[in-house]
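Below is one structure, written out as structure tokens; the observations come after it.
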Amino acid sequence: MSKKLLVLSVVMLMVLSLSITVGAQEVTLKFLHRWTQEPDSTFFEEVVANYEEQNPNVNIDMQVVSNDPFKEKIKIMLGTENAPDVFFTWPGEFTNRFIRAGQVMDLTPYMEDGWSDTLIDSVVEPFKYEGKIYGAPYRLDAKVFVYNTKIFEEVGVEEPANFDEFLTVLEKIKNAGYTPIAFGNMFPWAVSHYIGQLNAYCVPSDVYQEDLNPAEGDFAHPGYKLALEKYSQLTPYFNPSANAIRHDEARSTLFNGEAAMMYLEIIEIPTIESEAPEEFRNNYDVFVMPEIPEGEGDPNALLGYPEGFVISANTDHPEEAVKFLKYLTGKEVGQKEAQDLGFVNGVKNVVSEGEIKDSIYNTTQLVLETDRLVNWFDSSLHAEIWSVAGSELQKITDGVATPEEALERIRAAAEDVRAQF
Amino acid sequence: MKNQFEKSRFRLLKKSIIIFFLIVLTLLVLYPMYWVVISSLKTNSEFLSSPLAFPSELQFENYIQAWQQGFSRYFFNSILINIVSVVLTVSVGAACAYGLARFKFKGRNIIFYTILAGLLLSPQVAVLPLYKLLVRINLYNTYWALILPYVGFRLPFAIFLMRSYFLSIPREIEESAYIDGCNSFTTFIKIVLPISKPIIASAAIVTSRFFWNEFLFALIFIEDSAKYTIPIGLSHFRNTLTTNYTGMLAGITIAALPMVILFLVMQKQFIKGLTAGSVKG
Amino acid sequence: MFKNKYTPYLFILPALILILIFVYIPIVQNFYFSFFRMNSYSPGQTFIGLDNYKDIFQNDIFYTAIVNNVWYAVISLIVQVGLGLVLAITLESKLLGKERKFFRTIYFIPSVIAIAAVGLMFYYIYNPNLGLLNAVISMFTEGNFRYAWLGDPNTAIFAVIAMSQWQFTGYIMILLIVAIQKIPQELYEVAEIDGASSFQKAIYVTIPQIKEMILVTSVITVIGAFKLFTEIFVTTRGGPYDTTQVLGTFMYKTAFFYDKMGYAAAIAVIIFFITFTTSVFQIKFANKGED
């Protein structure tokens, strides 16, 4: 009897100690991203499953909230103790306010430990705040005009060299019966992209950077007015009711040949390759926003900040979170990303020419070759200023406000915000 | 003779005109719903090219897809939250209503009017502090984050409804129970509740409708897509499906159908509960 | 009747606790929050007294929101209560027989569907390129009618208001029908003897007899007009450029988009005062009817 008891207790002790050691190492990371649609959602599922396989003691609890609700949800979630450990973000003011509130982990020590050597500098730069690095890039991006080469040929126009030529091209296209520019601005991030690029062309970059600082920015430079005026010159060439249409609804008019061009992110090119009818797929090309000679900004600036992921400052598992983040933004995932989704991440030489579609490779080179990447206007601004600017830009789109009026209200909002600092 | 004839002719004319207008209104009510249903049974290209036609083939896959892409989950969540909330509201509410109806005790009136005042309070006014509270007690993003506030906000109505009913029950029934040796709890459960089935059904149905359709709390207090209720799931669906219009419309139909069927089956209780409470939405 | 002095408290306590914790305390806290500057993602808060209220009263969007809520109230009174009353009287009149049950049921159905579902339904119905409304209108016009009902600031709010009338007129109608059914037949018989036409009967007998219910439904409608949220959120989100904001959506946007939770709490306080005072009226009139 006692022998049996002894054996039993030894076995139990072994089982107990085993479960303690295994259980003690079991870590759950909460991971939040914003891709509810295919093929990205499956991509992340596979990436996460792969990581869990390689790291059996780690369990990734993945949450997905789509683009626009995400912008509100993340704030709600960060206010709770169950905030995600690793989450998506747009660099710039969108992230900076969370950094100021102490919600984002400083990655500088990890970066300086060799991590940043594997990444492209210009793409890590956006994730810095006051000299420290707070995030890692997931994919590069830039904004270009994607146009239908057949329509251009038919109408007899070519890629414009500057903004005035651009207006002439648009007029010709309109007279030929096509919608010159497809535009879906129901969510005003779309117009913020136009303004971001135009600002970069019209306002000197150091002035622009200062103005984006909510504690000091006043947007007094005349370049801002010029940018808005240039934008309002484009509005007659958009489809009607642009503010009532969603971005992807408008994009379908580009694919079906109703519209001649659309201002798209290069990360949408994979969508063209997978969703557009063959006639469009075989007949498109890109050009960047034509330059504005009279602008005082940088004609080489390209609108297009990377997107990336950050780690919560309140995470219970910083080491594991960093390890996961490195994986998420590293070479292995980067190659899969390029193959499955057509996106390029921030790792040096992650893919070479020929490994992915030409159009994607070429547009990515645009990003890597530019000396100045400019952030999207909406993610650069303090939330209160953007909320006013977004409305005003929509009004300009509908012709309901003039550039002067809009700028006045934006400057007033900036003043209110400055007072808070 | 002539007068009678003309009178009834006139009546017939009046009736026809009235029925005509009623039918026009009926079409106005039914046509949009009909359009949603037939559109949900088309393919997307058919929907885009001939929005008004009857589908050439009934694409039931749209429904299966919608169900698999999330609606099975949303349904489950809505039903779970509904059942728990209704059971809690009705049971806690009935006990409270009985206490207020039958017992005389210090502060009874104050408590009754305080609870009644709850009818006047709009959930929107409580949402921000509730969010902070739920976060602090770690219930944020759980089913309880919805169940407990739902019950709190619906109790006043349920109590009001059931108390008036209890007041109308003759006391003799309970008195004879006491003579037989029951205490108040057993009397309540074994005697009073069984004869209160109609009012309990009305209370259950009307509060159920509120929980099923609630949006604001479900939007803010739940972040996990696996826990979305149907209204939030629908909204989230639109962002996932963007250009899959027929899938979206199938989703809308799935969301709307249960309550419509429930109503058609239980019309009497629905209406009884609604008129007693006279609160909208 | 009961042995234990504490028994009644045991019956009422669970309900009381739930209501206190999840309803009353938050509402009181909301008043407190409105005097602070705070947001959802950082723990700190700064006391700023009445600044939130000052800012609100200087904010154009606030006034747009109130105007929209008022439009909603006014139109709903005319359609839901007005048309609802006409329908209720018509359906209860002697002219109709078994048909009335059919119409009653049909008109009531939209009100049992979730507002979010109805909102999404109408989002598609109003869609400029593929929606039902424009498709129907296109049958009568040359070429495709492509008006953006929800995208044009002049029509957006009215399109949403129209949607609500579609949804709730039948509901109000049923409440009125129930009241009409309680009117004693003798009153009608007396009127008939006096030679009243059906129209006169409606004006002089029916309407006065259901006065309380008409008031109750009016008040419900007005309260509902100030509690608007889902209808707008799901169709226009408050756009285009804040022209369809109502108090509820403005509060949400301020809290979670502008990061100003204290300011949003102040808006909620204003919603509270409006809905509370109107609710008090409702209870007063409802009680009068019961007595």
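As given, the protein sequences belong to chains A, B and C, one line each in that order.
My numbering puts the first residue of the first sequence at 21, with every later residue one more than the last.
My numbering puts the first residue of the second sequence at 417, with every later residue one more than the last.
My numbering puts the first residue of the third sequence at 630, with every later residue one more than the last.
Even glycine gets a Cβ: it sits at the ideal position worked out from N, Cα and C.
Nearest to Ala280/A by alpha carbon, out of Ser294/A, Phe307/A, Arg266/A? Phe307/A
Pro471/B and Ala745/C: beta carbons closer than 8 Å? no
Contact criterion: CB-CB distance below 8 Å. Does Leu583/B meet it with respect to chain C? no
So which residues on chain A does Gly748/C lean against when the C-beta distance must stay under 8 Å? Neighbours of Gly748/C on chain A: none; closest Cβ ~15 Å, over 8 Å.
Give the single residue among Gly678/C, Phe797/C, Gln829/C, Thr675/C whose Cα lies nearest to the Cα of Ser734/C. According to the sequence as given, residue 734/C is Thr; it is not Ser. The residue with the shortest Cα to Cα distance from Thr734/C is Phe797/C.
Whose CA, out of Phe165/A, Asn195/A, Arg159/A, lies closest to the CA of Val175/A? Asn195/A
Name the DSSP bridge partner or partners of Gly155/A? Val330/A
What residues in the segment 655-673 of chain B bring their beta carbon closer than 7 Å to a beta carbon of chain A? Asn655, Thr656, Thr658, Thr659
How about Gly891/C and Asn681/C: do their beta carbons lie closer than 8 Å? yes
Assign Asp436/A to one of three DSSP states: helix, strand, or coil. Three-state DSSP puts Asp436/A in a helix.
Chain A partners of Asn557/B, CB-CB under 7 Å? Asn102
Could you check what DSSP says for Val845/C in three-state terms: helix, strand or coil? helix
Do the CB positions of Gly324/A and Val370/A come within less than 8 Å of each other? no
For Glu821/C: DSSP bridge partner residues: Per DSSP, none; premise fails for Glu821/C.
Rounded to whole angstroms, what is the Cα-Cα separation between Asn205/A and Leu714/C? 42 Å
Partner residues on chain A for Phe886/C, Cβ-Cβ distance less than 8 Å: The contacting residues are Lys91, Glu92, Ala403, Ser407.
Nearest candidate by alpha-carbon position, reference Leu997/C, set Glu841/C, Gln814/C, Gln829/C: Absent from the structure is residue 997/C, since the part of chain C shown begins at 630 and ends at 920.
Would you verify that the beta carbon of Tyr870/C is, or is not, closer than 8 Å to some beta carbon of chain A? Tyr870/C counts as touching chain A.
Identify every run of the alpha helix (DSSP H) within the segment 442-521 of chain B, keeping only runs that are complete inside it and at least 4 residues long; order them along the chain. Listed in chain order, the complete alpha helix (DSSP H) runs (minimum 4 residues) inside the segment 442-521 of chain B are 460-465, 477-482, 488-518.
Using the C-alpha atoms, what's the distance from Met664/B back to Ala432/A? 41 Å
Would you call the CB atoms of Phe631/B and Thr859/C closer than 8 Å? In this structure, Thr859/C lies closer than 8 Å to Phe631/B by Cβ.
Taking the alpha-carbon positions, what's the Val394/A to Phe147/A distance? 13 Å
Along chain C, in chain order, which residues have C-beta atoms closer than 8 Å to that of Ala620/B? The contacting residues do not exist; Ala620/B stays about 15 Å from chain C at best.
Can you find at least 3 beta carbon pairs, one from the segment 433-443 of chain B and one from the segment 261-274 of chain A, that sit closer than 8 Å? no
Is there a Cβ of chain C sitting closer than 8 Å to that of Ala220/A, yes or no? no
Could you check the C-alpha separation between Ile289/A and Gly362/A for me, to the nearest Å? 8 Å
Buried versus exposed call for Lys856/C [16 or more other C-beta atoms within 10 Å across all chains shown]: Lys856/C counts as buried, since at least 16 other C-beta atoms from the protein chains shown sit within 10 angstroms of its C-beta.
Starting from Tyr304/A, follow its DSSP beta bridges and name the residues at the other end. Asn168/A
Does DSSP classify Leu401/A as helix, strand or coil? coil
Met682/B CB to nearest chain C CB: under 8 Å? So, not an interface residue.
Would you call the segment 331-348 of chain A in contact with the segment 314-322 of chain A, where contact means no fewer than 3 C-beta pairs closer than 8 Å? no
By the criterion of Cβ-Cβ separation under 9 Å, what are the contact partners of Leu844/C in chain B? Going along chain B, no residue has its Cβ under 9 Å from Leu844/C, so there is no contact; the nearest lies around 11 Å.
Looking at C-alpha atoms only, which residue of Lys522/B, Phe569/B, Leu516/B is the closest neighbour of Phe627/B? Phe569/B
Which whole-angstrom value describes the C-beta separation of Ala617/B and Val652/C, a residue pair presumed to lie in contact below a C-beta threshold of 8 Å? That belief does not hold up - the Cβ atoms of Ala617/B and Val652/C are roughly 25 Å apart, past 8 Å.
Note down, one range per segment and in chain order, each beta strand (DSSP E) of at least 3 residues found wholly within the segment 81-117 of chain A. 106-109
How far does the alpha helix (DSSP H) with Glu389/A in it reach, from first residue to last? Element bounds for Glu389/A: 378-389.
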